[in-house]
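Engineer:
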Amino acid sequence: MGPKLENNLTAYRKKNSCETSLIKLVEDWKISLDNKTVVGVLTTDLSKAFDSLHPPLLLAKLKAYDLSEEALVMLRSYFTERKNRVRMRSGCRSQWRDSKRGCPQGSRLGPLLWNIFQNDFVYNVRNSNLAMYADDHQVYACGERTEDVERILNSEAIYMSEWYQDNLLKCNYDKFQVMSLGPRNKKKEINIEMIDANIATFNFNHKPIRDCYRRCIKVCETH
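Structural data, given as structure tokens:
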């Protein structure tokens, strides 16, 4: 499955990390700022993403990736009749409850299954750039005018919302954010209209971007 995962995915993979994603983001933004163009960034957040994974959808995607029938049968068994309960420090235990959804956390297989589940998300981002780390997604576009960037991001937001809904994932709109970066004479507010929410922008000073870039470089140099 490894070679089929998109390069945008930087979590739970060898030679990739949070720093990989951050440096790519900041470097692209810095190039745009140096070229005196506008950058618009939309960051999203999902509510209990791993716990919301729908096993039948995951199995359908694995089948589309040509996973063998034997492996599919094994994974179907892995997700069938799962149960959870809570144990307190005092030793008290709750009753067993059926767990019909969710990606098993704390396992070595769980992160890989989550990456496979969201791998096709990249095909819903058509005219901008995308970075993905775990369940955090950042979509950003560059252009000569803020209006052009806003139009692109609004178009992407529609496709993203549809993907989240189709995959039975719940958006945490309170944590969605939009950033506008660019020259002072070009930079304006960017407003994003999604299916269930309107996301207002806040402007970012260029200095924090450069400071963040320097910190990312230092972190990578120490590893």
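Residue numbers (our numbering): 793 to 1015.
Ideal placement from N, C-alpha and C gives every residue a C-beta, glycine not left out.
For Pro795 and Asn921, I'd like the C-alpha separation in whole angstroms.
Structural biologist: Any reading at Pro795 needs caution, since the residue's pLDDT is 48, under 50, leaving its predicted position unreliable; the model's value is listed next. Roughly 20 Å between the two C-alpha positions.
Engineer: Assign Pro795 to one of three DSSP states: helix, strand, or coil.
Structural biologist: In this prediction, Pro795 scores a pLDDT of 48, lower than 50, which makes its location untrustworthy; the coordinate-derived value is nonetheless stated afterwards. Correct three-state label for Pro795: helix.
Engineer: Output yes or no for whether 8 Å exceeds the beta carbon distance between Val818 and Ser824.
Structural biologist: Cβ distance not < 8 Å, so Val818 and Ser824 don't count as in contact.
Engineer: Does Ser773 come out as helix, strand or coil in the three-state DSSP assignment?
Structural biologist: The requested residue 773 is not part of the displayed model; the chain covers only 793 to 1015.
Engineer: Compare the Cα-Cα distances from Pro903 to each of Ala803, Lys822, Leu797, Ile982 and report the closest residue.
Structural biologist: Among Ala803, Lys822, Leu797, Ile982, the Cα nearest to that of Pro903 belongs to Ala803.
Engineer: Looking only at its chain, what residues have a beta carbon closer than 7 Å to the beta carbon of Leu851, apart from the 5 residues adjacent to it on each side?
Structural biologist: The residues are Leu864, Leu867, Arg868.
Engineer: With C-beta atoms as the reference, is Ser972 less than 8 Å away from Lys962?
Structural biologist: Cβ distance not < 8 Å, so Ser972 and Lys962 don't count as in contact.
Engineer: Go ahead and pull the three-state DSSP assignment for Cys810.
Structural biologist: Three-state DSSP puts Cys810 in a helix.
Engineer: List in chain order: all unbroken alpha helix (DSSP H) runs of 4+ residues lying wholly within the stretch 914 to 958.
Structural biologist: Segments of the alpha helix (DSSP H) lying fully in the stretch 914 to 958: 938 to 958.
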